[in-house]
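Count along the sequence shown from 1, add 3, and you get the number used in the numbering used here. For glycine and all other residues, C-beta sits at the position ideal for the given N, C-alpha and C.
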Amino acid sequence: MTLPSSCEILVVGAGPAGSGLATALAHAGRDVLLVEARRHPRTKTCAEYASPRVAEELARLGTPAREWQRCAVPLRGMQVIVGEDSFGLRYADHGGKRTAWGLDRPGFDALLAAQAVEAGAVVAERVAFRRPLMTDGKVTGAVLRDAEGTHEVRAR
Numbered sequence: 004m005t006l007p008s009s010c011e012i013l014v015v016g017a018g019p020a021g022s023g024l025a026t027a028l029a030h031a032g033r034d035v036l037l038v039e040a041r042r043h044p045r046t047k048t049c050a051e052y053a054s055p056r057v058a059e060e061l062a063r064l065g066t067p068a069r070e071w072q073r074c075a076v077p078l079r080g081m082q083v084i085v086g087e088d089s090f091g092l093r094y095a096d097h098g099g100k101r102t103a104w105g106l107d108r109p110g111f112d113a114l115l116a117a118q119a120v121e122a123g124a125v126v127a128e129r130v131a132f133r134r135p136l137m138t139d140g141k142v143t144g145a146v147l148r149d150a151e152g153t154h155e156v157r158a159r
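See the structure below:
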């Protein structure tokens, strides 16, 4: 893919936050370019767990539960162990809607990036962020690098 020289909104990073933002903005009719340094599915060794609120946020984005739950294992609570002491904590349950989730991040992130594309965002993978472009003290774009070289992309 050839990177555009400009877009209305540039989002760097196609993890849950970046893909979720790109999806919401694309649903609102905005011109969104979402760039990700690696190709999905990719391994992430952080944030493999999500709070009970994640289900509400995903529903707000229009992500069907049957799709994202294929990448998740429900967690009803936790066991905390400190030295010789331990205690259990169960999450409050309101009709099964207050469950935390253990996530398969490669699958979960790929699903959310695909949802951003379905919403109308352009997703460019294997595009690394190098530095922000600044104008009068404000971020107005980014210097990005892909297999073709270095590019400046301005956000309007």
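query: Does the contact criterion of 3 or more C-beta pairs under 8 angstroms hold for the stretch 47–54 versus the stretch 135–147?; result: no
query: DSSP three-state label for Leu-6, please.; result: coil
query: Nearest by alpha-carbon distance to Val-120: which of Thr-143, Glu-87, Val-38, Gln-82 is it?; result: Val-38
query: Quick one: grab the DSSP three-state call for Ala-145.; result: strand
query: Quick one: complete alpha helix (DSSP H) runs, 4+ long, within the stretch 27–81?; result: 57–64, 68–71
query: Over what stretch of residues does the alpha helix (DSSP H) that includes Val-120 continue unbroken?; result: 108–122
query: Measuring straight from C-alpha to C-alpha, what distance separates Ala-131 and Gly-86?; result: 43 angstroms
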